[in-house]
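In UniProt numbering, the protein residues as written are 1 to 1223. Think of the CB as a built atom: it goes at the ideal place given N, C-alpha and C, for glycine as much as any other residue. Quick caveat: nothing in here was measured; it's all calculated off a predicted structure. Heads up: the structure comes next, in structure tokens.
What follows is the structure in structure tokens.
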């Protein structure tokens, strides 16, 4: 064993163990959440001390006022309830009438006795107030009945005023008994009436008047209520309104109707009690007690439990009393404007009878009741143990110690009655220590130094013991003697009499405390707030059940969800616990399955509505937060003077989302899981709506789509902190239909818009770097095609979608739509950046590949056919006129030469339209690459510190850069992911890190050009086969072996003609080429000229350029055949500058692919031609003597360029052909 301990000590030191224990505190428990739900069923073992002692009449030898007369009160209350139920419930009469008809039909009631009984029962049920009237008649025949009833009224009044009750039903029973007893007391005889009883001081009408005013309506049974003053006092024969000033005053409302006045005190009591309860709860849960608690500690916990029960009973009473008042005072459309005229009785009593303040108060009180019930139930084991210990200790101390001296004096003074009662009390309850016997019991004198050791046990008195002790003690201290004899209290010394009286008062609550769990449950019972059977019966069968909107538990729940009050949001589950109370009452009290089924049906419906509304609010709340955060700050500040963008109030949804064990009708419900499911649906629907909105707009909607997805992603991030919803990228792929399909909805719609809207209808402007749509009233450029574009009109259906599916609120929806409206009239760099982020590499590759197919179809199709056709109508020879003709002559010459081209009917429609589509496609690819390069460069710069790519530091004079670089490398060593994982991680992790690092570094912007590849593909389309080559380059080589000068065979000559055409100014009110086609037309032509290597020829031999040069020399400004010369030249100059810009951009990308020499330097093959020389001068040059020095220098230079030595014989060839190599 020693060796094993040494091994363990070597493996884990004490510091390691303590460190691991500290780490346990940092673990987040999944079920650690606030308790905001109802109580669960207790599993504590309960001992039944109810011994069912029935022979009380034989036992009582004194005046057991509080118990015996309380029994009479219960009997009076039972008769009262039965009589009122018979009066109110018409179903009893109807049911018996149905039974009687059926019995008569079956001839069951055939004999006279049965018929007589049936008739008597029918008359009994049909006669109102039959029970109380019969009871009153029989009581009046008994002498002294009024005195007995006066004692009952006085006792009930005293118990009510001193709060000698625990349960709400007991309080209401006292009020009903007072009213019923006064009605019975006020007889037909004028000698016996309540007014005379008041004058004799047998009762106090003033005290009773206050009680009836404070509590005008009390529950009778279920949802039936009764007004004791209206029902009994006002109907008594000797009723005098002047004796009842408070109750008779109908102008002032009862305190019962205003629950708000009690709310501040309730809050204060709740906070104080929760603080005290938490202190004991923390001690119980964190402290290990080695020894039993002291008597004082047990007494404190007993008082704490008693105070809690009293608070709960009082709060529950206030709720039920307000509910009773509302049922008896329904509203109408005159009082409440929201109440419709045709509202039902129950609807007027419940749905429209509570204002928002009262609903909030009911919710708060219900939350306090249910919350405190849970906390007290958690300490049930502590409370039940300390209650039994404290009661046992107090009872035994009282019986064995306190009663010892009164017993001694009774024996000494030979007071047999006192001695008998005290001895009976001690014999009934005393639990003497083992082997001990009190000497007084045998009549021996007491010793002053006798010490009685009272044991301490965890057991309470039985119901029989408690009843007998209290009855006998009450007989001793009662101020009224039995049978007219002298009272016994005079035989007890004053201090002991006060002690016995205090013990008697304290022991009143012991029966409730011993049955702590049952009492706690009854004190918190709010089940009657749901029942509405009486009102269903009043509908006469027109309703089987009221809708959920009339149910008070759902009204309270819906009030929280509607007002969205953060202070009440954590209480939203408490009203649902009322269904637990109602269902339990239906099964345990009513024992009716159909009532439980109705509760269950409403719970199923209401809980679905609750989850729907709650998840909807949670999603809207966090969408509102995300949209508010991402709203442009400058826009928000500038718009403050016109519209207020309110930030969402901080709400407490986090606590609700942590609830995983809600108890509802015996089922354990995971709120977190259910809300997570609905949040997933809402998030997916929000993303789908964003994509659908994009599908219903043109390409300009891509910015709004990106921002909608950004807001949804941020919302997802906020929700992800509390609920485990699905991954956002996975939901985006699902909404985009990109899980199994290679192309998503976004990619397909982008290409669809490019093909059907962007390419044919947008005009590019390089000055703004934007595309704008052609004018609305522009002519149809493709007469044989339908240019109309039909999209699904999602925008018109925005009212069908709640605001939280877009930006959270209506104000934010309007703000963001106002912002994005600025991007709806053009397509620019902002749109291309959004396209890049949304499509990614795969989507961009798909779109560009499809655009290349469109370009190929246009070049080899429509454009190729038009080029072939127009080359046939081009003049065979079209020279550049000499300057001597002047600019007007040159213009007239070209107008004559190009007349067929100018007048070609489809030139400015379908042909230019096709060129525009090709040009727009080329520009789109260029701008896409530029935007993609910016994104990639940004990614590379952000990833640089993680890849050990550090900037060169600034160094002052005398500082060494190596030192600063080394210091910087050490500083960022921890950020270098790849090297750290390779050093600390596994081989698999290292491989993944290297691949991720490589993926980050290898970008298109690193020595790769997407646009260059696109241009190369377009060139391949043009020169794909021999037929295409002949169409663009001509049928044969030029006669001079170099270029065509005057012949119109190559494409650049046709493009010169086309450029001459669109340079001609248009008339007033006509659309210009720029307005109809934009610069896409120029880009297409210039790209084709450049790709065919005809740029220099085009610039040297262009018709328009030549006209511009000639006009610049002569400066003429005339009207030539309806064409203003100066305006045309100005247009030519603008297009010349545009062409130069386009050529420079194209050459920038194309020159990158030139041949590279062996030494890494780029070279160009240049063929030089001698200028024209007169034949005589040429002959003279041939005969001239060659300079040997020049010949030697030329040969050496050519040898260096070529890399090999040239023989002297090639010098003649060099002079003859004029071929040199230029570096």
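Proximity to residue i [Cα-Cα], best of the options
i	options	result
residue 1108	594, 1130, 1120, 167	1130
residue 834	881, 928, 775	928
residue 1138	1111, 1126, 985, 1085	1085
residue 1015	581, 292, 1151	1151
residue 181	727, 74, 121	74
residue 94	417, 316, 537	537
residue 402	1143, 335, 493, 433	493
residue 236	598, 247, 185, 745	185
residue 942	739, 980, 1000	1000
residue 693	791, 678, 517	791
C-alpha gap between residue i and residue j, whole angstroms
i	j	result
residue 1040	residue 1056	22 Å
residue 365	residue 319	8 Å
residue 368	residue 811	37 Å
residue 261	residue 570	23 Å
residue 383	residue 297	11 Å
residue 608	residue 948	55 Å
residue 58	residue 663	Annotation note: pLDDT 43 at residue 58 (below 50); position unreliable, coordinate value reported separately. Looking at the two C-alpha atoms, the distance is approximately 48 Å.
residue 10	residue 988	The predicted model places residue 10 with a pLDDT of 48, which falls under 50 and marks its position as unreliable; any figure quoted below should be read in that light. For residue 10 and residue 988, the distance between alpha carbons rounds to 32 Å.
residue 951	residue 748	42 Å
residue 276	residue 801	50 Å
residue 838	residue 757	19 Å
residue 380	residue 155	33 Å
residue 796	residue 814	Note that residue 796 scores 45 on pLDDT, short of 50, meaning its location in the model is unreliable and no value can be drawn from it.
residue 160	residue 207	10 Å
residue 595	residue 87	23 Å
residue 163	residue 157	10 Å
residue 1156	residue 1125	Legend: pLDDT at residue 1156 = 38, less than 50; position of this residue unreliable, no value from coordinates given.
Residue span of the alpha helix (DSSP H) that contains residue i, given as start and end
i	result
residue 846	829–858
residue 895	886–897
residue 211	205–214
residue 1097	1095–1101
residue 221	Premise fails: residue 221 lies in the beta strand (DSSP E), 218–221, not in any alpha helix (DSSP H).
residue 245	245–248
residue 385	380–397
residue 1131	1125–1150
residue 1055	1051–1063
residue 423	416–429
residue 987	987–1001
Range of the contiguous beta strand (DSSP E) that encloses residue i
i	result
residue 664	662–664
residue 225	224–226
residue 773	770–773
residue 669	667–669
residue 765	762–765
Q. Enumerated in chain order, which unbroken segments of the alpha helix (DSSP H) with a length of 4 residues or greater are wholly contained in the segment 947–976?
A. Complete alpha helix (DSSP H) runs here, min 4: 961–971.
**Q.** Validate contact between the segment 210–224 and the segment 247–266 using beta carbons, cut 8 Å, 3 pairs
**A.** Between the segment 210–224 and the segment 247–266, the count of Cβ pairs shorter than 8 Å is three or higher; the stretches touch.
Q: With a floor of 4 residues, list each alpha helix (DSSP H) that falls wholly inside the segment 82–168, ordered by position along the chain.
A: For secondary structure counted as the alpha helix (DSSP H) over 4 or more consecutive residues, the segment 82–168 holds these complete runs in sequence order: 90–105, 112–126, 130–140, 145–161.
Q. Fully enclosed by the segment 684–753, which alpha helix (DSSP H) runs are 4 residues long or longer?
A. 702–720, 728–735, 745–753, all fully within the segment 684–753.
Q) Counting pairs of beta carbons, one from the segment 389–405 and one from the segment 334–349, are three or more of them closer than 8 Å? A) The segment 389–405, when compared against the segment 334–349, does not touch it at the 8 Å Cβ threshold.
Q. Looking at C-beta atoms only, is the number of pairs between the segment 750–761 and the segment 691–708 that lie closer than 8 Å three or more?
A. In short, these stretches touch, since the Cβ pair count reaches three.
**Q.** contact_flag[the segment 503–518, the segment 454–471] where n(CB pairs < 8 Å) is 3 or more
**A.** Between the segment 503–518 and the segment 454–471, the count of C-beta pairs closer than 8 Å reaches three or more; the two stretches touch.
Q.
Check whether the segment 513–521 and the segment 317–337 touch, using three or more Cβ-Cβ pairs below 8 Å as the test.
A. Cβ pair count under 8 Å is below three, so no.
Q. Is the segment 894–901 close to the segment 1048–1062, with three or more CB pairs under 8 Å?
A. Result yes; three or more Cβ-Cβ pairs closer than 8 Å.
Q | 3 or more residues per run - each beta strand (DSSP E) lying fully within the segment 590–665 | A | Listed in chain order, they are 662–664.
Q. If we count Cβ pairs, one from each stretch, closer than 8 Å, do we get three or more for the segment 1041–1050 versus the segment 958–965?
A. Put simply, the segment 1041–1050 does not touch the segment 958–965. Fewer than three CB pairs are less than 8 Å apart.
Q) Between the segment 908–923 and the segment 976–990, do at least 3 Cβ pairs fall closer than 8 Å? A) Taking 8 Å as the limit for Cβ pairs, the verdict is that the segment 976–990 does not touch the segment 908–923.
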